[in-house]
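*Asks:* Protein chains in written order, with the working numbering: chain E, 1 to 329; chain U, 1 to 278; chain Y, 1 to 333. Where is the CB? At the ideal position from N, CA and C, for every residue including glycine.
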Amino acid sequence: MKPILEVRDLSIEAGPKAHPIPLVQDVSFSVAEGSTLAIVGESGCGKSVTAMALMRILPEPAVRISEGEIRFCDEDLVAAPERRMQEIRGNIISMIFQDPIASLNPIQTIGDQIIEVIRTHQSISKREARKRAIALLQSVRLPDAEKRINYYPHRLSGGMCQRVMIAMAMAGSPRVIIADEPTTALDTTVQAQVMALLRKAQTETGTAIILITHNLATAAESAKDVAVMYAGRIIEYGPVREVFIAPAHPYTQGLLGAIPDNADGDGEIAKLTEISGNVPRPGTLPQGCAFEPRCKSAQPQCRQQRPELTMSGARKVACFFPNAELAAQ
Amino acid sequence: MIERESLIRRYCHSTTGVIGLVILAFVVVMAAFGPIIYPVDPWAMVARPLQWPLIDTDAPLGSDILGRDVLSGLVNGARVSLIIGVSATAAAVAIGVTIGALSGYFRGIMDDILMRLTEVFQTIPNFLFVIVLVAVFSPSVFTISAAIAVVSWPPVARLVRGQFLTLRQRAFVESCVVVGMSTPRIIFTQILPNCIAPVIVTSSIMVATAILIEAGLSFLGLGDPNMMSWGAMIGFGRQSLRTAWYLTLIPGVAIQLTVLSISFVGEALNDALNPRLG
Amino acid sequence: MTALLSCRDLVVEYATADGPLRAVDRVSLDIEHGQTLALVGESGCGKSTLARAIMGLTRVTSGSIKLEGRELVGLSAREFKPHRPSIQMVFQNPYGSLNPRLSVGRIVEEPMLIQKIGTSETRRKRVLDLLDRVGLASAAATQYPHQFSGGQRQRVAIARALALNPKLIVCDEPVSALDVSVQAQVLNLLVELQKDLGISYLFISHDLAVVRHIAHATAVMYLGRMAARSTSREFWKRPAHPYVQALKEATPSMEAIRAGISGHPILEGEIPSALNPPPGCRFSPRCRYGIDICRRTDPPLRQLNDRSWVACHRVTVAADGTVEPPEPLTVQG
């Protein structure tokens, strides 16, 4: 399928221009209409910065795109002027944030906030916009939408606020939705509701979703493809089932191994696979592979040279000794 | 504690902070050693009246309507301004921290009573209240400082209360309860050191305000009659504002520079003490 | 063998602006020596309040908490102090639980200082031993919390909790603020410490994967009430209580991905406010097995067999002793 949004060699840096600190380097991915791409990784891997870059809402000039393209239908969003980006945000690409309560204006009713979003993108009357807002709130299954449209955010639970955020994100019938940890702040049962809601919105409108998450299982449940990021780079990229069932990169393997595997039983509690060390901080990366200091299968070559993201079977891996080859040795 | 070396380094990142510190240091030196280096009685009539600055060597910065030396007034006034600024602030911080800490830590009825008290003091117009206090207790450096302290502690109390309310709920405070630490010990060793930074910043601004209040009092003739102060100098120069404007300008600039330098220092301290906000 | 800690009919009520809030409602549980009891539930279920009550951080309205047979409820702060060393706590947020102005060595030493244990020399040695025990270099003692990553800080917090040789450590979401790769390190450390020192844990978590890994026994709370309790590690395999089922289904798991399972039934509705809990069974408004009696009477926690307890009208026990989860309703009301 033809990709609707394509990112090519995107690099993001922060700090003074003379000595920039790279946050994201050479990241490329694409997402097709009606499908979901998950970007997974731990804190500081650059996944949220990437999401902000797609919307061009980085706190420039402190953090800025240094290189690369973000192509939406033959248009490069990196080069687009701010005015054009304002048209795009909400209309073509919209975003859902982690903390729904903080993302809503506390002194405006949720109705006013949705109506405002609708009216920035469509020239319709207030009354019509209100009707549409109610319809949107009903479509995200907010109970008693006609009544709750007049509520202030503090009267709604976290889950309801996230429904409102999704309604707002859907208001402009976007082609791409970027969901940055949309369920992390929510309760388990509400998480499942919100993810189901996003999937439902996707099947109904055919929008593409870029799901940013640290939770591998959430990614596995909702996405078609997955990009695993580590220290600002994509280190493994491919169809989600393939990547998670047979991870090629030692880091992906480590991450999956570190998740407790639900081995119920009255025996002794098994030891989890650890990844030793800590997540590196931006600006303190080694010269070779960024994962090398923590990698169990590191070789001398890994310290000197950085592996590029290259095709390995059906997916891309940035490792000199990916899983399959190690096994063959 | 934040390491001293890095604190100084972070402080020096701020140009205005360094400038402020230099000016302030100059004023402090002037207040401490000025009367020794330049031993001219500010009340003595040493020159012809209304002498403009830079003309007469007896009064390098000119003389006032009674022939008193402006430079001597400036030097001696620095002492009064700083003593009052610092002592009033110290007293206000002591009152404010105590009240804020008690009401923020214990909450409940204690909080209600202390906060109502704070509000009472906060709603009385500061300057008028100081005038009344000083008028009742006859002006001296001590009564003026005390009067300024009495009106300026409420913001500190509110600030410290807010800090205590949030810090009290932080897990590290609970983790001290869990190991059996006593309440006074928690207040003094755990919470208080963590709210020092904003208190320092606020108090630097309070020093500036105290100096201004003192200047206002002296201008109105309610200052310590035995001490020359910058406010009093402006008050004296007021009658001859049109003919000898330097009499008000020179002490006025001194007050402005001092107050400005203190607020520069306060701002730079704020940035240096709260590096994570910067 | 008597349990290390047992709670009986514990009630914790708060006065709020909107009236009294019963955060913990008649909850009973036991924590065995050297074992881990996981306390699971969503926000507002009362699990953190229960933990705080056990720690003596919040006032208990009624009920009893016994530590090795000695009653803790109703003790004054002074009477409680000698019991403090036995129960320690590791908090969720490793960034908030360490005083930023104290060195790590001081943070770990502090509990011993307060309880007046040892001389400065022996304490210093003990601090280094403890740091070593949790996998930190002795150089860490002179550093400050902000110089450490989240996982390392949590190690410091564990070292501090160990300082008084506790019998029980209450772990309030100890790994949920940590990255996955670091989570495993901390969980392994906790399990290892338990094996070596025989410590019991009350492990509060919302992460089922973590709970299933670490717990010997599990208690699930919903809106202040105990929904189900079990001392079996098989508990999650075939949960009987409808809420526990729903929790399991709502949790995305890698297991399901590998097996190719997708599309669980989704539990609808929101968690009601604890200020105004629904009548009858508190889960009944969201329960797909709810019948009339569920909406009228609150089911008591009843024992199903020697290892499990459940608070549900519709769970039955077959003649051979197997627990039968409720049957789906044929006619939906």
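1. List the residues of chain Y that U/Phe172 touches, going by C-beta distances under 7 angstroms, in chain order.
2. Report the neighbours of Y/Ile114 on chain U: residues whose CB is nearer than 7 angstroms to its CB, in chain order.
3. Residues of chain Y with CB closer than 9 angstroms to the CB of U/Asn194, please, in chain order.
4. Please report whether the beta-carbon of Y/Lys337 lies at a distance below 8 angstroms from any beta-carbon of chain U.
5. Suppose contacts are defined by Cβ-Cβ distances below 8 angstroms. Is E/Asp105 in contact with E/Gly172 by that definition?
6. Is the distance from the Cβ of Y/Tyr243 to the Cβ of Y/Val220 below 8 angstroms?
7. Roughly how many whole angstroms lie between the Cα atoms of E/Val190 and Y/Pro174?
8. Identify the residues that DSSP records as bridge partners of E/Ala208: which are they?
9. Do the segment 120-136 of chain U and the segment 68-86 of chain U meet, that is, are 3 or more Cβ pairs less than 8 angstroms apart?
10. If you measure from the beta carbon of E/Gln202 to each beta carbon in chain Y, is any gap under 8 angstroms?
11. For Y/Cys294, name the three-state secondary structure that DSSP assigns.
12. Could you spell out where the alpha helix (DSSP H) holding E/Cys161 opens and where it closes?
13. Which chain E residues are close to Y/Gly335, counting only those with a beta carbon under 8 angstroms from its beta carbon?
14. Taking CB distances under 8 angstroms as the criterion, tell me whether E/Gln329 reaches chain Y.
15. Note down, in chain order, each residue of its chain lying with its Cβ closer than 8 angstroms to the Cβ of U/Leu24, except the 5 sequence neighbours on either side.
16. For U/Val151, count neighbouring Cβ atoms within 10 angstroms of its own Cβ and tell me buried if that reaches 16, exposed if not.
17. Just how far apart, CA to CA, sit U/Ile36 and U/Phe188?
18. Beta-carbon separation of Y/Val310 and Y/Glu324 under 8 angstroms?
19. Would you mind reading off the limits of the beta strand (DSSP E) that contains E/Pro22?
20. For a contact meaning CB atoms closer than 8 angstroms, what does Y/Thr341 contact in chain E?
21. Excluding sequence positions up to five away, which residues of its chain have a Cβ less than 8 angstroms from the Cβ of E/Arg303?
22. Is it buried or exposed, E/Gly206, if we count other Cβ atoms within 10 angstroms and call 16 or more buried?
23. What's the C-alpha gap between Y/Ile271 and Y/Pro300?
24. Nearest by alpha-carbon distance to U/Phe106: which of U/Val136, U/Gln169 and U/Phe142 is it?
25. In chain order, what residues of the same chain have a beta carbon less than 6 angstroms from the beta carbon of U/Ile2, not counting five sequence neighbours either side?
26. What in chain Y is Cβ-close to E/Gln191, meaning under 9 angstroms?
27. Run through chain Y and tell me which residues come within less than 9 angstroms of U/Gln190, C-beta to C-beta.
28. Is there at least one Cβ from chain E nearer than 8 angstroms to Y/Ile266's Cβ?
29. Using 8 angstroms as the threshold, is the C-beta distance between Y/Val104 and Y/Leu130 below it?
30. Just checking: is the beta-carbon of Y/Gln88 within a distance shorter than 8 angstroms of some beta-carbon in chain U?
31. I need the boundaries of the alpha helix (DSSP H) containing U/Gln190, first residue and last residue.
32. Going along the segment 168-194 of chain E in order, which residues come within less than 8 angstroms of chain Y, judged by CB to CB distance?
33. List the residues of chain U that Y/Leu164 touches, going by C-beta distances under 8 angstroms, in chain order.
34. Could you name the residues of the same chain whose beta carbon sits closer than 8 angstroms to that of U/Met110, not counting the 5 residues immediately before and after it, in chain order?
35. Taking C-alpha atoms, which residue in E/Tyr251, E/Arg155 and E/Pro61 lies nearest to E/Lys296?
36. DSSP puts E/Lys316 in a beta bridge; with which residues?
*Replies:* Result, derived from the coordinates:
1. Gly96, Ser97, Leu98 and Asn99, listed in chain order.
2. Val179, Gly180 and Met181
3. What U/Asn194 touches in chain Y, judged by beta-carbon distance under 9 angstroms, is Asn99, Pro100 and Arg101, going in chain order.
4. As shown, chain Y starts at 1 and ends at 333. That puts residue 337 of chain Y outside it, with no answer to give.
5. Position check: residue 105 of chain E holds Asn in this sequence, whereas Asp was assumed. No, these two residues do not count as a Cβ contact at 8 angstroms.
6. In contact: Y/Tyr243 and Y/Val220 (Cβ atoms closer than 8 angstroms).
7. 22 angstroms
8. E/Val176
9. no
10. no
11. helix
12. Element bounds for E/Cys161: Gly158 to Met170.
13. Here chain Y covers residues 1 to 333 and nothing more, so residue 335 of chain Y does not appear.
14. Residue confidence is low: E/Gln329 scores 42 on pLDDT, short of 50, so the model does not pin down where it sits. No coordinate-derived value is stated.
15. Thr258, Ser261, Ile262 and Val265
16. buried
17. 41 angstroms
18. no
19. Ile21 to Ala32
20. The requested residue 341 of chain Y does not occur in the structure, where chain Y is confined to residues 1 to 333.
21. Annotation for E/Arg303: Pro286, Gln287, Gly288, Cys289 and Glu292 place their beta carbon closer than 8 angstroms to its own, counting only its chain and skipping 5 residues before and after.
22. exposed
23. 20 angstroms
24. U/Gln169
25. The pLDDT assigned to U/Ile2 is 45, lower than 50, so where the model puts this residue is not dependable; a value taken from the coordinates is nonetheless given after this. Contacts found: none.
26. Ordered by position in chain Y, the residues that pass the 9 angstroms Cβ test against E/Gln191 are Ala250, Thr251 and Pro252.
27. Asn99, Arg101 and Leu102
28. yes
29. No. Outside cutoff.
30. When Cβ-Cβ separations below 8 angstroms define contact, Y/Gln88 makes contact with chain U.
31. Careful: U/Gln190 lies outside any alpha helix (DSSP H) and carries neither H nor E.
32. Asp187, Thr188, Thr189, Val190, Gln191, Ala192 and Gln193
33. Val179
34. Same-chain partners within the cutoff: Leu102 and Ser103.
35. E/Tyr251
36. E/Tyr237 and E/Met311
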